[in-house]
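Numbering (the numbering used here), first residue to last: 190 to 562.
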(Lines of atoms letter the chains of each structure in order from A; the text may use other names.)
(Lines give C-alpha, C1' and ligand atoms only; values in the text may rest on other atoms or scores of the structure.)
Protein backbone atom coordinates (compact mmCIF):
# COMPACT_ATOMS: atom_id res chain seq x y z
CA UNK A 190 0.00 0.00 0.00
CA UNK A 191 1.39 3.38 -1.03
CA UNK A 192 2.20 5.78 1.79
CA UNK A 193 0.12 8.96 1.91
CA UNK A 194 1.90 12.17 1.01
CA UNK A 195 2.74 14.33 4.05
CA UNK A 196 2.94 18.09 4.51
CA UNK A 197 4.59 19.52 7.65
CA UNK A 198 3.36 23.07 8.36
CA UNK A 199 5.55 25.02 10.80
CA UNK A 200 4.52 28.25 12.51
CA UNK A 201 5.34 30.29 15.59
CA UNK A 202 3.19 31.80 18.34
CA UNK A 203 4.20 35.48 17.99
CA UNK A 204 0.65 36.69 17.37
CA UNK A 205 -2.14 34.32 16.41
CA UNK A 206 -2.19 35.06 12.68
CA UNK A 207 0.75 32.89 11.62
CA UNK A 208 -0.68 29.76 13.23
CA UNK A 209 -4.21 30.55 12.00
CA UNK A 210 -2.80 30.60 8.47
CA UNK A 211 -1.11 27.26 9.11
CA UNK A 212 -4.35 25.63 10.29
CA UNK A 213 -6.29 27.23 7.42
CA UNK A 214 -3.86 25.58 4.99
CA UNK A 215 -4.21 22.23 6.74
CA UNK A 216 -8.01 22.32 6.48
CA UNK A 217 -7.98 23.47 2.87
CA UNK A 218 -5.41 20.86 1.79
CA UNK A 219 -7.41 18.09 3.47
CA UNK A 220 -10.59 19.22 1.71
CA UNK A 221 -8.89 19.36 -1.67
CA UNK A 222 -6.86 16.17 -1.30
CA UNK A 223 -8.02 13.81 1.49
CA UNK A 224 -5.11 11.48 0.74
CA UNK A 225 -2.55 14.08 1.84
CA UNK A 226 -1.74 14.17 5.57
CA UNK A 227 -0.90 17.48 7.25
CA UNK A 228 0.70 18.26 10.61
CA UNK A 229 0.78 21.78 12.11
CA UNK A 230 3.42 22.63 14.74
CA UNK A 231 4.32 25.85 16.53
CA UNK A 232 7.99 24.99 16.63
CA UNK A 233 9.03 26.97 19.71
CA UNK A 234 6.16 26.01 22.01
CA UNK A 235 6.34 22.37 20.84
CA UNK A 236 10.07 21.96 21.42
CA UNK A 237 10.50 24.31 24.38
CA UNK A 238 7.20 24.56 26.31
CA UNK A 239 8.97 26.13 29.32
CA UNK A 240 11.49 28.49 27.73
CA UNK A 241 9.41 29.69 24.82
CA UNK A 242 6.62 31.39 26.86
CA UNK A 243 9.35 33.50 28.49
CA UNK A 244 10.63 34.62 25.07
CA UNK A 245 7.06 35.25 23.91
CA UNK A 246 6.19 37.35 26.99
CA UNK A 247 9.34 39.45 26.53
CA UNK A 248 8.36 40.07 22.90
CA UNK A 249 4.81 40.98 23.91
CA UNK A 250 6.03 43.34 26.64
CA UNK A 251 8.33 45.14 24.19
CA UNK A 252 5.49 45.72 21.72
CA UNK A 253 3.10 46.92 24.45
CA UNK A 254 5.49 49.20 26.29
CA UNK A 255 7.92 50.28 23.55
CA UNK A 256 6.22 50.03 20.14
CA UNK A 257 8.49 52.71 18.66
CA UNK A 258 11.58 50.69 19.64
CA UNK A 259 10.07 47.63 17.97
CA UNK A 260 9.39 49.73 14.85
CA UNK A 261 13.00 51.00 14.79
CA UNK A 262 14.34 47.43 14.98
CA UNK A 263 11.92 46.28 12.27
CA UNK A 264 12.97 49.06 9.88
CA UNK A 265 16.70 48.77 10.63
CA UNK A 266 16.62 45.09 9.69
CA UNK A 267 14.14 45.53 6.84
CA UNK A 268 16.49 44.81 3.94
CA UNK A 269 18.66 42.32 5.79
CA UNK A 270 18.44 38.61 6.32
CA UNK A 271 18.53 37.56 9.95
CA UNK A 272 21.95 38.22 11.54
CA UNK A 273 24.59 35.55 12.11
CA UNK A 274 24.22 35.68 15.92
CA UNK A 275 20.44 35.24 15.68
CA UNK A 276 20.92 32.40 13.22
CA UNK A 277 23.34 30.76 15.63
CA UNK A 278 20.88 31.15 18.53
CA UNK A 279 18.05 29.58 16.53
CA UNK A 280 20.47 26.87 15.42
CA UNK A 281 21.43 26.02 19.01
CA UNK A 282 17.83 26.08 20.28
CA UNK A 283 16.05 24.28 17.45
CA UNK A 284 18.48 22.58 15.08
CA UNK A 285 18.84 19.01 16.43
CA UNK A 286 15.23 18.63 17.57
CA UNK A 287 13.78 20.01 14.34
CA UNK A 288 15.97 17.63 12.37
CA UNK A 289 14.63 14.78 14.52
CA UNK A 290 11.01 15.83 13.89
CA UNK A 291 11.60 15.91 10.14
CA UNK A 292 13.33 12.52 10.16
CA UNK A 293 10.41 11.05 12.14
CA UNK A 294 7.56 12.54 10.12
CA UNK A 295 9.28 12.20 6.71
CA UNK A 296 7.29 15.02 5.05
CA UNK A 297 7.13 15.38 1.27
CA UNK A 298 7.08 19.16 1.70
CA UNK A 299 7.64 21.66 4.53
CA UNK A 300 5.59 24.84 4.68
CA UNK A 301 6.53 27.75 6.96
CA UNK A 302 4.11 30.54 7.89
CA UNK A 303 6.60 32.35 10.18
CA UNK A 304 10.21 33.45 9.51
CA UNK A 305 11.77 31.60 12.49
CA UNK A 306 10.99 28.01 11.43
CA UNK A 307 11.79 29.07 7.88
CA UNK A 308 15.29 30.06 9.00
CA UNK A 309 15.79 26.80 10.91
CA UNK A 310 14.67 24.59 8.00
CA UNK A 311 16.76 26.64 5.55
CA UNK A 312 19.85 26.01 7.68
CA UNK A 313 19.10 22.29 7.78
CA UNK A 314 18.87 22.26 3.99
CA UNK A 315 22.07 24.25 3.67
CA UNK A 316 24.30 22.49 6.20
CA UNK A 317 22.76 19.09 6.91
CA UNK A 318 21.78 18.00 3.43
CA UNK A 319 18.01 18.06 4.08
CA UNK A 320 16.37 17.40 0.72
CA UNK A 321 12.71 18.36 1.21
CA UNK A 322 10.95 21.12 -0.78
CA UNK A 323 10.50 24.25 1.38
CA UNK A 324 7.54 26.58 0.82
CA UNK A 325 7.43 29.98 2.54
CA UNK A 326 3.98 31.54 3.00
CA UNK A 327 4.36 35.25 3.83
CA UNK A 328 1.42 36.07 6.10
CA UNK A 329 1.61 39.88 5.88
CA UNK A 330 1.28 42.51 3.17
CA UNK A 331 5.00 43.25 3.27
CA UNK A 332 8.24 41.30 2.76
CA UNK A 333 10.69 41.79 5.60
CA UNK A 334 14.24 40.54 5.04
CA UNK A 335 13.85 37.79 7.66
CA UNK A 336 11.53 35.91 5.28
CA UNK A 337 14.20 35.69 2.57
CA UNK A 338 16.20 32.48 2.18
CA UNK A 339 18.15 31.02 -0.75
CA UNK A 340 16.94 27.55 0.28
CA UNK A 341 13.23 28.34 -0.19
CA UNK A 342 11.84 26.53 -3.23
CA UNK A 343 8.55 28.43 -3.44
CA UNK A 344 7.21 31.72 -2.05
CA UNK A 345 3.46 32.22 -1.72
CA UNK A 346 2.62 35.89 -1.17
CA UNK A 347 -0.37 38.13 -0.58
CA UNK A 348 -0.10 40.69 -3.40
CA UNK A 349 1.85 41.57 -6.57
CA UNK A 350 3.53 44.35 -4.53
CA UNK A 351 5.04 41.79 -2.15
CA UNK A 352 6.18 39.71 -5.12
CA UNK A 353 7.96 42.76 -6.57
CA UNK A 354 9.69 43.41 -3.24
CA UNK A 355 11.04 39.85 -3.24
CA UNK A 356 12.21 40.18 -6.85
CA UNK A 357 14.04 43.37 -5.86
CA UNK A 358 15.90 41.27 -3.27
CA UNK A 359 17.08 38.84 -5.88
CA UNK A 360 14.41 36.15 -5.59
CA UNK A 361 13.62 34.66 -9.05
CA UNK A 362 10.14 35.56 -10.26
CA UNK A 363 9.48 31.94 -11.30
CA UNK A 364 9.43 30.68 -7.68
CA UNK A 365 7.03 33.39 -6.41
CA UNK A 366 3.27 32.99 -6.70
CA UNK A 367 0.63 35.54 -5.70
CA UNK A 368 -1.98 33.43 -3.90
CA UNK A 369 -3.31 35.68 -1.16
CA UNK A 370 -2.97 34.84 2.53
CA UNK A 371 -4.72 31.55 3.38
CA UNK A 372 -7.78 31.84 5.61
CA UNK A 373 -10.05 29.11 6.90
CA UNK A 374 -12.66 28.10 4.27
CA UNK A 375 -15.42 29.21 6.68
CA UNK A 376 -14.55 32.83 5.94
CA UNK A 377 -15.32 32.36 2.24
CA UNK A 378 -18.67 30.75 2.94
CA UNK A 379 -21.80 32.74 3.81
CA UNK A 380 -23.95 31.43 6.63
CA UNK A 381 -27.54 32.22 7.62
CA UNK A 382 -27.45 35.51 9.52
CA UNK A 383 -30.66 34.89 11.46
CA UNK A 384 -29.32 31.58 12.77
CA UNK A 385 -26.08 33.22 13.89
CA UNK A 386 -27.92 36.05 15.65
CA UNK A 387 -30.12 33.53 17.45
CA UNK A 388 -27.03 31.56 18.53
CA UNK A 389 -25.38 34.62 20.11
CA UNK A 390 -28.52 36.43 21.29
CA UNK A 391 -28.06 39.34 18.87
CA UNK A 392 -30.53 41.64 17.13
CA UNK A 393 -30.94 42.41 13.39
CA UNK A 394 -29.56 45.96 13.65
CA UNK A 395 -26.35 47.83 12.65
CA UNK A 396 -23.53 45.92 14.33
CA UNK A 397 -19.90 46.81 15.07
CA UNK A 398 -17.33 44.11 15.85
CA UNK A 399 -14.39 45.28 17.97
CA UNK A 400 -11.40 42.94 18.10
CA UNK A 401 -8.54 43.70 20.44
CA UNK A 402 -6.13 41.27 18.84
CA UNK A 403 -4.76 38.21 20.61
CA UNK A 404 -3.43 40.42 23.42
CA UNK A 405 -6.43 42.75 23.84
CA UNK A 406 -4.52 45.78 22.56
CA UNK A 407 -7.66 47.79 21.80
CA UNK A 408 -8.36 48.28 25.48
CA UNK A 409 -8.43 52.09 25.32
CA UNK A 410 -10.80 53.41 27.99
CA UNK A 411 -11.74 56.80 26.51
CA UNK A 412 -12.26 55.44 23.00
CA UNK A 413 -14.39 52.54 24.20
CA UNK A 414 -16.55 54.79 26.36
CA UNK A 415 -17.08 57.16 23.42
CA UNK A 416 -18.09 54.27 21.16
CA UNK A 417 -20.60 52.64 23.48
CA UNK A 418 -22.42 55.95 23.89
CA UNK A 419 -24.04 54.82 20.62
CA UNK A 420 -25.35 51.60 22.19
CA UNK A 421 -29.04 52.50 21.81
CA UNK A 422 -28.63 52.72 18.01
CA UNK A 423 -25.75 50.34 17.31
CA UNK A 424 -25.07 46.81 18.53
CA UNK A 425 -21.51 46.08 19.71
CA UNK A 426 -19.58 42.81 19.91
CA UNK A 427 -16.27 43.04 21.79
CA UNK A 428 -13.84 40.16 21.34
CA UNK A 429 -11.02 40.44 23.89
CA UNK A 430 -9.19 37.22 23.10
CA UNK A 431 -7.22 35.89 26.07
CA UNK A 432 -7.19 39.23 27.89
CA UNK A 433 -9.19 38.04 30.88
CA UNK A 434 -8.41 41.16 32.90
CA UNK A 435 -9.92 43.50 30.29
CA UNK A 436 -12.95 41.24 29.91
CA UNK A 437 -13.60 41.20 33.68
CA UNK A 438 -13.18 44.99 33.98
CA UNK A 439 -15.54 45.70 31.09
CA UNK A 440 -18.10 43.21 32.46
CA UNK A 441 -18.23 45.21 35.71
CA UNK A 442 -18.45 48.61 33.99
CA UNK A 443 -22.06 49.94 33.87
CA UNK A 444 -21.41 51.43 30.42
CA UNK A 445 -21.09 47.90 28.97
CA UNK A 446 -24.07 46.39 30.81
CA UNK A 447 -26.53 46.88 27.99
CA UNK A 448 -28.71 44.60 25.87
CA UNK A 449 -26.95 45.81 22.69
CA UNK A 450 -23.45 44.99 23.95
CA UNK A 451 -21.95 41.49 23.84
CA UNK A 452 -18.61 40.83 25.57
CA UNK A 453 -16.61 37.77 24.51
CA UNK A 454 -13.20 36.34 25.34
CA UNK A 455 -11.42 33.88 23.09
CA UNK A 456 -13.74 32.45 20.44
CA UNK A 457 -13.45 30.15 17.43
CA UNK A 458 -16.55 31.73 15.86
CA UNK A 459 -14.95 34.85 14.41
CA UNK A 460 -16.21 33.88 10.95
CA UNK A 461 -19.80 33.91 12.24
CA UNK A 462 -19.33 37.21 14.07
CA UNK A 463 -17.88 38.83 10.94
CA UNK A 464 -20.80 37.47 8.91
CA UNK A 465 -23.41 39.38 10.96
CA UNK A 466 -21.29 42.53 11.59
CA UNK A 467 -21.29 45.69 9.46
CA UNK A 468 -18.00 47.26 10.57
CA UNK A 469 -14.81 45.87 12.13
CA UNK A 470 -12.58 47.92 14.44
CA UNK A 471 -9.24 46.17 14.88
CA UNK A 472 -5.49 46.35 14.87
CA UNK A 473 -4.29 45.68 11.29
CA UNK A 474 -2.91 42.18 11.73
CA UNK A 475 -2.49 40.48 8.37
CA UNK A 476 -4.69 37.51 9.22
CA UNK A 477 -7.60 39.38 10.81
CA UNK A 478 -7.70 41.84 7.91
CA UNK A 479 -7.64 39.05 5.33
CA UNK A 480 -10.47 37.23 7.10
CA UNK A 481 -12.54 40.43 7.18
CA UNK A 482 -11.79 41.07 3.51
CA UNK A 483 -13.04 37.57 2.64
CA UNK A 484 -16.31 38.58 4.31
CA UNK A 485 -16.39 41.95 2.50
CA UNK A 486 -16.38 43.66 5.90
CA UNK A 487 -15.23 47.33 6.03
CA UNK A 488 -12.52 48.04 8.63
CA UNK A 489 -11.25 50.81 10.89
CA UNK A 490 -7.62 50.37 11.99
CA UNK A 491 -6.61 51.32 15.50
CA UNK A 492 -2.98 51.91 16.57
CA UNK A 493 -0.97 49.79 14.16
CA UNK A 494 2.24 48.36 15.62
CA UNK A 495 5.13 50.05 13.78
CA UNK A 496 6.41 47.67 11.13
CA UNK A 497 4.34 45.03 9.38
CA UNK A 498 0.99 46.26 10.79
CA UNK A 499 1.66 49.70 9.32
CA UNK A 500 2.30 48.07 5.95
CA UNK A 501 -0.88 46.02 6.28
CA UNK A 502 -2.91 49.14 7.07
CA UNK A 503 -1.35 50.96 4.13
CA UNK A 504 -2.38 48.18 1.74
CA UNK A 505 -5.98 48.02 2.91
CA UNK A 506 -6.53 51.77 3.12
CA UNK A 507 -4.98 52.44 -0.29
CA UNK A 508 -7.28 49.83 -1.84
CA UNK A 509 -10.39 51.22 -0.19
CA UNK A 510 -11.03 48.27 2.15
CA UNK A 511 -10.40 50.16 5.38
CA UNK A 512 -9.56 53.46 7.03
CA UNK A 513 -7.31 54.63 9.86
CA UNK A 514 -9.14 55.42 13.08
CA UNK A 515 -7.52 58.81 13.63
CA UNK A 516 -9.99 60.45 16.01
CA UNK A 517 -13.52 60.34 17.39
CA UNK A 518 -14.57 62.15 14.20
CA UNK A 519 -13.80 58.92 12.32
CA UNK A 520 -16.10 57.08 14.74
CA UNK A 521 -18.85 59.65 14.23
CA UNK A 522 -18.60 59.44 10.44
CA UNK A 523 -18.87 55.65 10.28
CA UNK A 524 -21.45 55.24 13.04
CA UNK A 525 -23.65 57.90 11.44
CA UNK A 526 -23.40 56.01 8.15
CA UNK A 527 -24.49 52.80 9.88
CA UNK A 528 -27.48 54.52 11.46
CA UNK A 529 -28.52 56.88 8.66
CA UNK A 530 -27.29 55.12 5.49
CA UNK A 531 -27.47 51.46 6.44
CA UNK A 532 -28.77 50.27 3.06
CA UNK A 533 -25.87 52.03 1.33
CA UNK A 534 -23.34 50.32 3.65
CA UNK A 535 -24.88 46.92 2.86
CA UNK A 536 -24.84 47.65 -0.86
CA UNK A 537 -21.13 48.55 -0.77
CA UNK A 538 -20.37 45.34 1.10
CA UNK A 539 -22.20 43.28 -1.52
CA UNK A 540 -20.14 44.99 -4.23
CA UNK A 541 -16.85 44.12 -2.46
CA UNK A 542 -18.00 40.52 -1.98
CA UNK A 543 -18.89 40.27 -5.66
CA UNK A 544 -15.46 41.61 -6.65
CA UNK A 545 -13.73 39.03 -4.42
CA UNK A 546 -15.39 36.18 -6.32
CA UNK A 547 -12.73 36.76 -8.98
CA UNK A 548 -10.09 35.46 -6.57
CA UNK A 549 -9.55 31.79 -5.75
CA UNK A 550 -9.17 31.15 -2.01
CA UNK A 551 -7.66 27.74 -2.73
CA UNK A 552 -4.66 29.06 -4.73
CA UNK A 553 -2.31 28.69 -1.77
CA UNK A 554 -3.27 25.08 -1.10
CA UNK A 555 -3.12 24.21 -4.81
CA UNK A 556 0.43 25.56 -5.03
CA UNK A 557 1.51 23.43 -2.06
CA UNK A 558 -0.14 20.29 -3.47
CA UNK A 559 1.72 20.86 -6.75
CA UNK A 560 5.00 20.79 -4.80
CA UNK A 561 3.97 17.60 -3.01
CA UNK A 562 2.94 15.80 -6.17
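Note that the Cβ used here is the ideal one computed from N, Cα and C, for glycine as well.
query                                                                                                  : result
Exposure of residue 456, with buried meaning 16 or more beta-carbon neighbours within 10 Å             : exposed
Collapsed DSSP secondary structure at residue 370 in the structure displayed                           : coil
For residue 349, the nearest candidate out of 528, 366, 544 (CA to CA)                                 : 366
Sufficient close CB pairs (3 or more, under 8 Å) joining the segment 506-514 to the segment 478-490    : yes
Same chain, Cβ closer than 7 Å to residue 561, neighbours up to 5 away in sequence not counted         : 194, 196, 225, 297, 298
Same chain, Cβ closer than 6 Å to residue 358, five either side skipped, listed in chain order         : 337
Paired residues, beta bridge with residue 325 - DSSP                                                   : 301, 344
Assigned secondary structure, residue 545 (DSSP; H/G/I helix, E/B strand, else coil)                   : helix
According to DSSP, residues forming a beta bridge with residue 226                                     : 195
For residue 512, the three-state DSSP class (helix, strand or coil)                                    : strand
The segment 198-213 contacting the segment 476-483, beta-carbon criterion three pairs below 8 Å        : yes
Supposed close pair residue 303, residue 217 - CB separation, criterion 8 Å                            : With 8 Å as the limit, residue 303 and residue 217 do not qualify as a contact, their Cβ atoms being about 18 Å apart.
Rounded straight-line distance, which links the Cα of residue 347 to that of residue 332               : 10 Å
Identity of the residue in 221, 192, 202 nearest residue 606 by Cα                                     : Nothing in the structure corresponds to residue 606, since the chain is present only between 190 and 562.
Supposed close pair residue 469, residue 398 - CB separation, criterion 8 Å                            : 5 Å
Residue 360 (DSSP reduced to helix, strand or coil)                                                    : coil
Buried/exposed call for residue 544, threshold 16 Cβ in 10 Å                                           : exposed
Coarse secondary structure for residue 446, derived from DSSP in three states                          : coil
Collapsed DSSP secondary structure at residue 439 in the structure displayed                           : helix
Extent of the continuous beta strand (DSSP E) run through residue 335                                  : Taken as a continuous stretch (DSSP letters only), residue 335 belongs to no beta strand (DSSP E), as it is neither H nor E.
Residue 425 - partner residues in DSSP beta bridges                                                    : 397, 450
Cβ distance (whole Å) where residue 467 is taken to contact residue 375 below 8 Å                      : In fact, because the Cβ distance is near 19 Å, the residues do not count as touching under 8 Å.
Opening and closing residue of the beta strand (DSSP E) in which residue 470 lies                      : 468-471
Residue 507 - partner residues in DSSP beta bridges                                                    : Residue 507 pairs with nothing; no bridge assigned.
Residue of 491, 351, 301 minimising C-alpha distance to residue 340                                    : 301
Distance, residue 369 Cα to residue 330 Cα                                                             : 9 Å
Contacting residues, own chain, Cβ-Cβ under 8 Å from residue 423 (five flanking each side not counted) : 394, 395, 396, 397, 449, 524, 527, 528
Top-ranked residue by Cα proximity to residue 383, from 465, 400, 555                                  : 465
Span of the beta strand (DSSP E) around residue 489                                                    : 488-490
Identity of the residues DSSP links to residue 316 by a beta bridge                                    : Note: residue 316 sits in no beta bridge, so no partner.
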